[in-house]
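J.: In terms of my numbering, the sequence shown has 235 at position 222, counting the first letter as 1, and numbering is strictly consecutive.
Yeah, the Cβ is synthetic: ideal placement off N, Cα and C, and Gly gets one too.
Owing to the predicted nature of the structure, the values given are computational and were not obtained by experimental measurement.
Quick one: the structure is below, questions incoming.
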Amino acid sequence: MALRAEPDRQRHVVEALRRWEIDPPEYASLLDPFEYTTSANYVVPMLLALAIARGNELVDAIPRYSSIDHAVNFQTLISALRRFDAFVVPYFDRPTFPDPFAEELLAFEWRKAERRHLVESFEQGIWHLVSDDEGLRIHLSAPMRRSALHLVANAAAHAQLPADVRRRMKRKPGPNDDLAGLAIAAGNDALGLLAKSCPKAWERLWAQLPFSPQLTVGIRALALSLAATGDRWFPPDELWPRWERFARSRRLEPADREAFEACLSVHTLSPEQAQEWGLQAPFLRLGRSVALWPFAFHVMLPDLGLISLLTRHYEDLWSRTLGSDLARVADRLAGRLASDRLAVAARRRKKDVGEADLVVLDRETAYVAVV
14 MALRAEPDRQ
24 RHVVEALRRW
34 EIDPPEYASL
44 LDPFEYTTSA
54 NYVVPMLLAL
64 AIARGNELVD
74 AIPRYSSIDH
84 AVNFQTLISA
94 LRRFDAFVVP
104 YFDRPTFPDP
114 FAEELLAFEW
124 RKAERRHLVE
134 SFEQGIWHLV
144 SDDEGLRIHL
154 SAPMRRSALH
164 LVANAAAHAQ
174 LPADVRRRMK
184 RKPGPNDDLA
194 GLAIAAGNDA
204 LGLLAKSCPK
214 AWERLWAQLP
224 FSPQLTVGIR
234 ALALSLAATG
244 DRWFPPDELW
254 PRWERFARSR
264 RLEPADREAF
274 EACLSVHTLS
284 PEQAQEWGLQ
294 APFLRLGRSV
304 ALWPFAFHVM
314 LPDLGLISLL
324 TRHYEDLWSR
334 TLGSDLARVA
344 DRLAGRLASD
354 RLAVAARRRK
364 KDVGEADLVV
374 LDRETAYVAV
384 V
């Protein structure tokens with residue numbers, strides 16, 4: 014059955030969705046009863062519980078390639094939470110029944126994100142509106158379809174895991190083979206490329222941070238361990254004794270409280286920071302409490318998420334150390350990729366064209382990749 018492109022109808026759809034963003038329907042009146050403090054203390058933990066329930070559904074329904082779904086779920090939650098500045102402390106850890114208002118508010122924010130996603134997907138050429146004898150449908154552009162390269166990428170990603178992690182994944186699970194144990198075994202392995210490409214800048218960065226790379230792994234593992242307990246809300250002083258018990262049980266490198274609090278702060282975002290920076294963290298600072306967000310590592314690789322958080326929380330230090338030398342990573346990648354078939358150039362600039370960190374030419378196919 015032949016597919017027919019529908020550019021005019023696609024343009025009308027995009028225009029209609031854009032008008033909705035410019036002149037949205039009135040929704041504020043539904044929020045009026047929830048503007049006072051007591052209702053905020055009720056609605057905020059309800060919103061968190063519903064978003065976590067949705068995250069669990071995503072894990073079950075889309076075990077792989079679900080990073081965008083988890084990202085939208087989090088940003089939907091953040092947009093809803095920012096409506097309740099009066100929040101102080103949660104009235105409960107988890108609800109007995111879902112609240113219809115909170116469900117509708119999250120659905121409202123989700124639909125807003127969905128409309129933006131539709132517009133961007135059409136305008137960036139990821140999707141196209143087409144039709145056949147049965148009517149209109151959205152068609153994925155050919156360059157965006159999955160290929161055998163995805164299977165190769167999965168195998169390559171597994172081969173790059175630390176040997177201890179691969180062994181743990183194959184053997185019968187032991188007492189410390191939970192997700193926290195895997196996080197500890199993996200360490201900061203994915204950051205090895207940065208450390209080897211810019212060793213001096215890497216050392217200067219960690220020498221001036223108030224915590225060690227090992228502690229970032231511990232905080233990450235602690236978050237995964239807490240997620241398994243079902244606990245979601247913590248008074249600020251409760252996480253330190255939790256960490257002490259966890260560190261002893263896993264025989265982790267000891268850390269003083271000042272270093273722990275500084276490292277925890279990097280892994281914690283306020284709703285304002287989360288929305289402005291477009292990042293996720295395993296902990297949210299809400300009122301006088303800290304809330305656990307158990308899906309932070311479903312969006313970015315943990316080490317990539319750590320680097321993203323460091324560049325924001327320690328922007329000046331990052332710029333003076335690793336940030337100023339980061340282009341050298343391209344040199345190391347170029348050295349690793351070069352072969353008889355691939356010609357690779359790093360850090361190239363061409364007048365009136367621009368600059369590229371990495372250019373890769375496949376001599377057999379004549380394809381060029383520019384990063």
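Which residues bound the alpha helix (DSSP H) around K125?
T.: Residues 113 to 136.
J.: Should N86 go down as buried or exposed, given a rule of 16 or more other Cβ atoms within 10 Å for buried?
T.: buried
J.: Is D365 helix, strand or coil by DSSP?
T.: coil
J.: Can you find at least 3 beta carbon pairs, one from the region 319 to 338 and one from the region 207 to 214, that sit closer than 8 Å?
T.: yes
J.: Within 10 angstroms of its Cβ, does R245 collect 16 or more other Cβ (buried), or is it exposed?
T.: buried
J.: In the DSSP output, which residue or residues are listed as bridge partners for A18?
T.: Residue pairing by DSSP places A18 opposite V143 in a beta bridge.
J.: F259 lies in the alpha helix (DSSP H); which residues open and close that run?
T.: It spans 252 to 263 - the alpha helix (DSSP H) in which F259 sits, taken as one unbroken run.
J.: Check whether chain D comes within 8 Å of I139, counting only Cβ atoms and requiring the distance to be less than that.
T.: Judged by its chain identifiers, the structure shown contains no chain D, having just a single protein chain.
J.: Where does A41 sit, in a helix, a strand or coil, going by DSSP?
T.: Unreliable positioning characterises A41 in this predicted model, as indicated by a pLDDT of 48, which lies under 50. The coordinate reading is nonetheless provided below. A41 falls in the helix class under three-state DSSP.
J.: For P295, is the classification buried or exposed, using 16 other Cβ atoms within 10 angstroms of its Cβ as the cut-off for buried?
T.: Taking all protein chains shown into account, P295 has 16 or more neighbouring C-beta atoms within 10 Å of its C-beta and is therefore buried.
J.: Please report how far the alpha carbon of A347 lies from the alpha carbon of A340, in whole angstroms.
T.: 12 Å
J.: DSSP three-state call for A382: helix, strand or coil?
T.: strand
J.: Give me the DSSP bridge partner(s) of S302.
T.: L299
J.: Could you name each continuous alpha helix (DSSP H) segment of 4 residues or more that falls completely within the region 308 to 359, going from the start of the chain to the end?
T.: Taken in chain order, the whole alpha helix (DSSP H) runs of length 4 or more contained in the region 308 to 359 are 315 to 326, 328 to 333, 335 to 338, 341 to 350.
J.: With a threshold of 16 other CB atoms inside 10 Å of the CB of I81, please say whether the residue is buried or exposed.
T.: Around the beta carbon of I81, a 10 Å sphere encloses fewer than 16 other beta carbons of the protein chains shown; the residue is thus reported as exposed.
J.: Buried or exposed for W306, going by 16 or more other Cβ atoms inside 10 Å?
T.: buried
J.: Would a C-beta distance cut-off of 8 Å place L371 and A359 closer than the cut-off?
T.: yes
J.: Taking only three categories from DSSP, how would you classify D73?
T.: helix
J.: Rounding to the nearest angstrom, what Cα-Cα distance links L204 and D316 in this structure?
T.: Approximately 6 Å, taken between the alpha carbons.
J.: Using CA coordinates, which residue listed in L142, D146, L90 is at the minimum distance from A126?
T.: L90
J.: Identify, in the order they occur along the chain, each residue of the same chain with its Cβ nearer than 7 Å to the Cβ of S283, setting aside the five sequence neighbours on each side.
T.: R298
J.: Let me know the secondary structure DSSP gives L282 once reduced to three states.
T.: strand
J.: Secondary structure at R95, three-state DSSP: helix, strand or coil?
T.: The answer is coil: DSSP assigns R95 none of H, G, I, E or B.
J.: Which residue comes first and which comes last in the alpha helix (DSSP H) that contains R181?
T.: 176 to 183
J.: Taking only three categories from DSSP, how would you classify V230?
T.: helix
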